[in-house]
Amino acid sequence: MAPRRFRRTPEVICSPRSFLESSACDAVDAALKDLKNCGRKLQSLLVSHGDEVRLLERLYYKGKNQHRSALFWNRLEEVRKYGKRLQELELLNLFELLRCSFFGLAVVANPKALKGPWTHYPDSRCVIFIMERISSCLFLLMKSHRQLAEAYRFFVVSMQSGYFVQLVLTITSITSRLDILAMELQPVLSDWHRTSTALLSSLHVGLHNLRKVSFL
35 MAPRRFRRTP EVICSPRSFL ESSACDAVDA ALKDLKNCGR KLQSLLVSHG DEVRLLERLY
95 YKGKNQHRSA LFWNRLEEVR KYGKRLQELE LLNLFELLRC SFFGLAVVAN PKALKGPWTH
155 YPDSRCVIFI MERISSCLFL LMKSHRQLAE AYRFFVVSMQ SGYFVQLVLT ITSITSRLDI
215 LAMELQPVLS DWHRTSTALL SSLHVGLHNL RKVSFL
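As numbered in the numbering used here, residues 35 to 250 make up the sequence shown, in order.
If you want it as structure tokens, here you go:
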């Protein structure tokens, strides 16, 4: 079985907005506005996180032959592992999937075509899948914070030995920034999860025909 972070996204089923009660449409309008604000923060943080991970990757491949037996290198590999795990979740793609699903399958296939008011809504299976991925990511971020904080303390102590000070200092700085980004991502993902919950509740309550929704 593939690791949970590599789970395949279910096929999205979009239904016309006209299937919903007007009260549900108002709730979705508010939720999509919150989702847009969340998306801006999410993109900024994930882009910064990706930059730090790429910098760490360059250091790793440049120095692995020389330093792979050093104790601080084992810690670097741990930091690298958690950085890559977050990137592997492809949260921005998941966010775009949710947002585009309110504009129909054509926009899901081509997000650049997104414009105008929302015209469709996703089936519950898609929304629930995304909520599960957000929950998994929040768990990963909490675990990452513990590991990165521990690695940071180790690197600070390692610098006192005087060996490879410049390299260890650079790694320490990257580790610190990754930890800060992980902590800043947590409230953004929590907001995203709450908004997704509100969307799911609104779509469920506002359906004329509950058989049109696919539940897990």
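Ideal placement from N, C-alpha and C gives every residue a C-beta, glycine not left out.
- Measuring C-alpha to C-alpha distances from R119 to each of A216, T231, H227, A232 identifies A216 as the nearest.
- The segment 113-133 makes no contact with the segment 55-63, as fewer than three CB pairs between them are under 8 Å.
- The three-state secondary structure of Y197, taken from DSSP, is coil.
- Restricting attention to V222, V142, K149, the CA atom closest to the CA of P156 is found in V142.
- Using a 10 angstroms sphere on the CB of R114, the tally of other CB atoms reaches 16 or more, which defines it as buried.
- In this model, K177 and E184 are separated by some 11 Å (Cα to Cα).
- Inclusion of L105 and E218 in the CB contact set at 8 Å is not warranted, their separation being larger than that value.
- Around the beta carbon of T153, fewer than 16 other beta carbons lie within 10 angstroms, which makes this residue exposed.
- Cβ contact annotation for G138 (same chain, cutoff 7 Å, sequence separation greater than five): C48, T153, H154, in chain order.
- When the Cα atoms are used, V46 and C160 turn out to be separated by approximately 6 Å.
- CA-CA distance, F189 to C171, rounds to 26 Å.
- With respect to the 8 Å criterion, L212 and E86 are classified as neighbours on the basis of their beta carbons.
- Taken in chain order, the complete alpha helix (DSSP H) segments of 4 or more residues contained in the segment 117-189 are 125-134, 139-143.
- In this model, D63 and V199 are separated by some 53 Å (Cα to Cα).
- Under the DSSP assignment, S49 falls in the beta strand (DSSP E) whose first and last residues are 48-50.
- Following the DSSP letters along the chain, one finds S103 in no alpha helix (DSSP H), marked with neither H nor E.
- CA-to-CA, the gap between K67 and L237 works out to about 16 Å.
- Nearest to R92 by alpha-carbon distance, out of Y186, I208, G196, is I208.
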